[in-house]
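A short write-up of the structure that comes next.
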Amino acid sequence: MPFDAWQMVAADYDQAMKFSQSPIELHPLMDVIRRDRVIKARRQTPEERFAEAMEMTDFAFEVMASSVKDSYPDADAQTATGILRKRLKRLRTREDQGIFVPVGR
Amino acid sequence: MKQSELVAFILEAADRAGVSCMVGGSVACMNYMIPRATKDFDLVIQVQEPQFTAFLKEVDAQFELDPQVYVETLTGTKRYILEHRKTAFDVELFILSSDPHHLSMWSRKRLRRQVFCTRDAWTPTAEDMVIQKLRWARPQDLVDADSMIVVQGDELDWPYIEHWCDLHGTRERLEKIRAEIPPIE
């Protein structure tokens, strides 16, 4: 994707932040939840926020690994890791488009 | 080994090898925004020999260096990827470039205590992460920039951010986010 196209994607951010895909009756509740999360984050120290993010990351990897095991119950640990790595690599390739390009080995 | 333990392992390896480094990307943003999970760990390093080779030797038991090198199109920054041998967690190594903002970010970095592994790590300021995220401007970058701005509020050094956004042509993105933030407290 050319860099200009990323700007078009970025323009969709407005819609994303306005929760346009969610039912309108939920918006007040979503606003309150976001407000509470912001207030909590403001009261934390930078170190506490970082520690919480690391806990979430550990948990996210456990969930992703479980998802692979669910899809491939016979896969051994090495194969399961390879499948997860492939999934995450597709995500990185998507994120890299327009920003990072591979150069000669 | 958990992902948080791998982050601690990398920081300790850099320390032992004497490599000058700074936490980068989304992991650095975590210090300043609503915490969220991440799929990898970014580390900005100043390449100097023999420290860099020593660092690669230190991490070799746990990580394999992907031979594919990537270049960031905006600044020419080189990126290497260290793949963990046993899990799908990667470390992205960014080589400190001569980009003016990257050099400014490097000079303003602060030593912060990382409580999850009880060690210190050099970390960019919130202002520099906002500037960086607005520059990349992918959907998640803009969400992160919004989160940092809303959490940090008036504590941010706005003239510094505005200066770099003007230079990068990203001022419009900044103002859009600022205009849409509702009153919180």
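So the protein sequences, as listed, match chains A and B.
So for the first sequence, this note's numbering puts the first residue at 33; every next one is plus one.
So for the second sequence, this note's numbering puts the first residue at 731; every next one is plus one.
Quick reminder that beta carbons are idealized off the backbone N, C-alpha and C, glycines included.
From residue i to residue j, what does the alpha carbon distance come to, in whole angstroms?
i	j	result
B/Leu904	A/Asp102	42 Å
A/Ser98	B/Gln778	40 Å
B/Leu833	B/Gly806	13 Å
B/Tyr800	B/His831	20 Å
B/Ile914	B/Thr855	23 Å
B/Arg865	B/Thr900	6 Å
A/Pro134	A/Lys118	17 Å
A/Phe132	A/Ala107	32 Å
B/Arg815	B/Glu788	14 Å
B/Asn761	B/Phe785	25 Å
B/Thr853	A/Tyr104	39 Å
B/Trp894	B/Ser828	15 Å
A/Leu116	A/Glu94	11 Å
B/Asp745	B/Phe782	11 Å
B/Ala738	A/Glu57	44 Å
A/Arg66	B/Leu886	20 Å
B/Asp874	B/Arg868	10 Å
B/Asp858	B/Asp884	15 Å
A/Met33	A/Gln129	Confidence at A/Met33 is low in this model, with a pLDDT of 39, below 50, so the placement of that residue should be treated as unreliable; the coordinate-derived value is given next. Those two C-alpha atoms are separated by around 6 Å.
A/Glu79	A/Ala73	11 Å
B/Ile825	B/Met752	10 Å
A/Arg81	B/Leu841	16 Å
B/Ile907	B/Asp790	42 Å
B/Ala909	A/Asp90	35 Å
Since residue i is in the beta strand (DSSP E), which residue starts that stretch and which ends it?
i	result
B/Ala851	Arg849 to Thr853
B/Met752	Cys751 to Gly754
B/Leu823	Asp820 to Ile825
B/Pro830	Not the beta strand (DSSP E): B/Pro830 falls in the alpha helix (DSSP H), residues Pro830 to Ser837.
B/Glu802	Val799 to Glu802
A/Pro134	Phe132 to Val135
Here's the rule: buried if 16 or more other CB atoms are within 10 angstroms of the residue's CB, otherwise exposed. What is residue i?
i	result
B/Arg849	exposed
A/Leu61	exposed
A/Thr77	exposed
B/Ile911	exposed
B/Val821	buried
B/Gln862	buried
B/Tyr810	buried
A/Thr111	exposed
B/Gln776	exposed
B/Gln798	exposed
A/Arg122	exposed
B/Glu794	exposed
B/Leu823	buried
B/Gly755	buried
B/Pro780	exposed
B/Ala743	buried
A/Ala109	exposed
A/Asp68	exposed
Below 8 Å on the Cβ atoms is my guess for residue i versus residue j; work out the distance and round it to an integer in Å.
i	j	result
B/Val880	A/Val70	5 Å
B/Met763	B/Met835	Not really, about 17 Å apart at Cβ, beyond 8 Å.
B/Phe771	B/Val757	5 Å
A/Ala83	B/Ala767	Wrong, their Cβ atoms sit about 13 Å apart, outside the cutoff.
B/Lys732	A/Leu120	About 16 Å separates the two Cβ atoms, so there is no contact after all.
B/Pro765	A/Met88	6 Å
Where do the N-terminal and C-terminal ends of the alpha helix (DSSP H) with residue i fall, by residue?
i	result
B/Arg809	From DSSP, B/Arg809 is part of no alpha helix (DSSP H) but of the beta strand (DSSP E) over Lys808 to His814.
B/Pro889	Trp888 to His898
So does residue i have its beta carbon nearer than 7 Å to some heavy atom of the ligand PLP?
i	result
B/Pro765	This structure lacks the ligand PLP; in fact it carries no ligand of any kind.
Whole runs of the alpha helix (DSSP H) within the stretch 750-793 of chain B, excluding any shorter than 4 residues: Entirely contained in the stretch 750-793 of chain B, the alpha helix (DSSP H) runs reaching 4 residues are, in chain order, 755-759 and 781-789.
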